[in-house]
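*Asks:* Got a structure for you, questions after.
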């Protein structure tokens, strides 16, 4: 959709929102009990899959770990969607409220409100804790939501949305997994597809309008956002739920070639797209490498 007039893109997305939107409070059966023995994400996507720690766990512990990894990712989703909503509202504050572009921005905020409720209900239904951002990331999020504009704003939105989308597209198609997480993933994938189209189209416009200094600064902010979002996917306290020391679990995950391959897989589309736009380069690229999202 990039290259279409801005209003035409927004008008199409508004029409799509009317056709396919969900209310997760009523469209998901939150009272259904979990299926005994069913994983919450494909075991090969667990951060510890293939490590000695994974081999030492019982089958029940492996299932339990994937449940807490899902709860951690949902907690990260709520954290970033709250940031995203505030960035979009700042964008709307200066926009023409009669434009379709501004109206779609508000529609996306409404979607994200429902998504955050859905993720909160998912954590509750799983019987898992909320895995909150660590203090530095919490402060970083406060700064990002208050200052990010232009390429940094839309690139950060895309990084979070497209990484989660990779996991959720696989989850929704896997009939061996918990029905609850499959339905949550299906709803999120359908509605986030519109958000990705909106952000990709707008990002292209913002890059074309930005000067070299603004782009250099954006590369650093985008790299830091990629690093923080990736590190937030699996909170180290999730490992404690299956009797693993959090520091040992985090170290094993960071060294795990299976997990590093999963991270690169999840970020490949957005990393390629941002690279084409010149936004994964210079010092910022080092942060993408540290996050395990790109090689070289």
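Residue numbers (this note's numbering): 130 to 425. For every residue, glycine included, the Cβ atom is placed at its ideal position computed from N, Cα and C.
Between the segment 310-330 and the segment 277-295, can you find at least three pairs of beta-carbon atoms closer than 8 Å?
*Replies:* Yes, since at least three Cβ pairs between the segment 277-295 and the segment 310-330 fall closer than 8 Å, the two stretches touch.
*Asks:* Which whole-angstrom value is the C-beta distance of residue 416 and residue 356, which I expect to be below 8 Å?
*Replies:* Rounded, the Cβ-Cβ distance is 5 Å, consistent with contact.
*Asks:* Helix, strand or coil for residue 364, going by three-state DSSP, please let me know.
*Replies:* Three-state DSSP puts residue 364 in coil, outside helix and strand.
*Asks:* Hey, would you say residue 196 sits closer than 8 Å to residue 139, going by beta carbons?
*Replies:* No; because the gap between Cβ atoms is not below 8 Å, this pair is not in contact.
*Asks:* Where does the unbroken alpha helix (DSSP H) through residue 276 begin, and where does it stop?
*Replies:* 264-276 is the span of the alpha helix (DSSP H), which, as asked, contains residue 276.
*Asks:* Please give the ranges of any alpha helix (DSSP H) in the segment 171-248, keeping only runs that are unbroken, at least 4 residues long and fully inside the region.
*Replies:* If we require 4 residues or more, the alpha helix (DSSP H) runs fully inside the segment 171-248 come out as 181-185, 188-222.
*Asks:* Could you tell me the boundaries of the alpha helix (DSSP H) in which residue 391 lies?
*Replies:* It spans 386-405 - the alpha helix (DSSP H) in which residue 391 sits, taken as one unbroken run.
*Asks:* Ignore the nearest five residues each way along the sequence and tell me which others in residue 164's own chain have a CB closer than 7 Å to its CB.
*Replies:* If we look at residue 164 and ignore the five residues flanking it on each side, its Cβ neighbours are 307, 308.
*Asks:* In the structure shown, what three-state DSSP assignment does residue 105 receive?
*Replies:* Residue coverage of the chain in this structure runs from 130 to 425, which leaves residue 105 outside it and unanswerable.
*Asks:* Could you tell me if residue 159 is buried or exposed, where buried requires 16 or more neighbouring beta carbons within 10 angstroms of its beta carbon?
*Replies:* Burial call: exposed.
*Asks:* Of the choices 190, 413, 378, 207, whose alpha-carbon is the least far from that of residue 246?
*Replies:* Cα-wise, what sits closest to residue 246 is 207.
*Asks:* So for residue 352, helix, strand or coil by DSSP?
*Replies:* Residue 352: helix per DSSP, three-state reduction.
*Asks:* Is it buried or exposed for residue 137, if we count other Cβ within 10 angstroms and need 16 for buried?
*Replies:* Answer is exposed; the Cβ neighbour count stays below 16.
*Asks:* Determine the closest residue to residue 381 out of 169, 267, 203, 363, with distance taken between C-alpha atoms.
*Replies:* Nearest C-alpha to residue 381: 363.
*Asks:* Rounded to whole angstroms, how far is the Cβ of residue 198 from the Cβ of residue 244, which I believe are closer than 8 Å?
*Replies:* Going by Cβ atoms, the distance from residue 198 to residue 244 rounds to 19 Å, so no, they are not a contact pair.
*Asks:* Grouping DSSP H, G and I as helix and E and B as strand, with all else coil, what is residue 340?
*Replies:* Coil at residue 340, not helix or strand.
*Asks:* Within a Cβ cutoff of 6 Å, which residues of the same chain sit near residue 396, ignoring the five residues on either side of it in sequence?
*Replies:* Closer than 6 Å at Cβ, skipping near neighbours: 292, 422.
*Asks:* State the Cα-Cα distance for the pair residue 373 and residue 313, rounded to the nearest angstrom.
*Replies:* Roughly 28 Å between the two C-alpha positions.
*Asks:* Give me the residue from 187, 171, 248, 262 with the minimum Cα distance to residue 295.
*Replies:* Here the closest residue by C-alpha is 171.
*Asks:* Between the C-alpha atoms of residue 205 and residue 216, what's the straight-line distance to the nearest angstrom?
*Replies:* So the two alpha carbons sit approximately 17 Å from each other.
*Asks:* Given 8 Å as the limit, is there contact between the segment 178-189 and the segment 378-393, that is, 3 or more CB pairs closer than that?
*Replies:* Touching, yes.
*Asks:* Give the straight-line distance between the Cα atoms of residue 367 and residue 269, rounded to the nearest whole angstrom.
*Replies:* Each residue's Cα considered, the two are about 22 Å apart.
*Asks:* Within its chain, find whatever has a CB closer than 7 Å to the CB of residue 391; leave out the 5 residues flanking it on each side and keep chain order.
*Replies:* Only 174 meet the Cβ criterion.
*Asks:* Could you have a look at residue 333 and say whether DSSP puts it in helix, strand or coil?
*Replies:* Correct three-state label for residue 333: helix.
*Asks:* Where does the unbroken alpha helix (DSSP H) through residue 423 begin, and where does it stop?
*Replies:* No alpha helix (DSSP H) holds residue 423; DSSP gives it neither H nor E.
*Asks:* What would DSSP say about residue 146, mapped onto helix, strand or coil?
*Replies:* Reduced to three states, the DSSP call for residue 146 is helix.
*Asks:* Thinking residue 288 and residue 399 are a contact (beta carbons under 8 Å), I'd like their distance in whole angstroms, please.
*Replies:* Contact flag correct, Cβ pair sits at about 6 Å.
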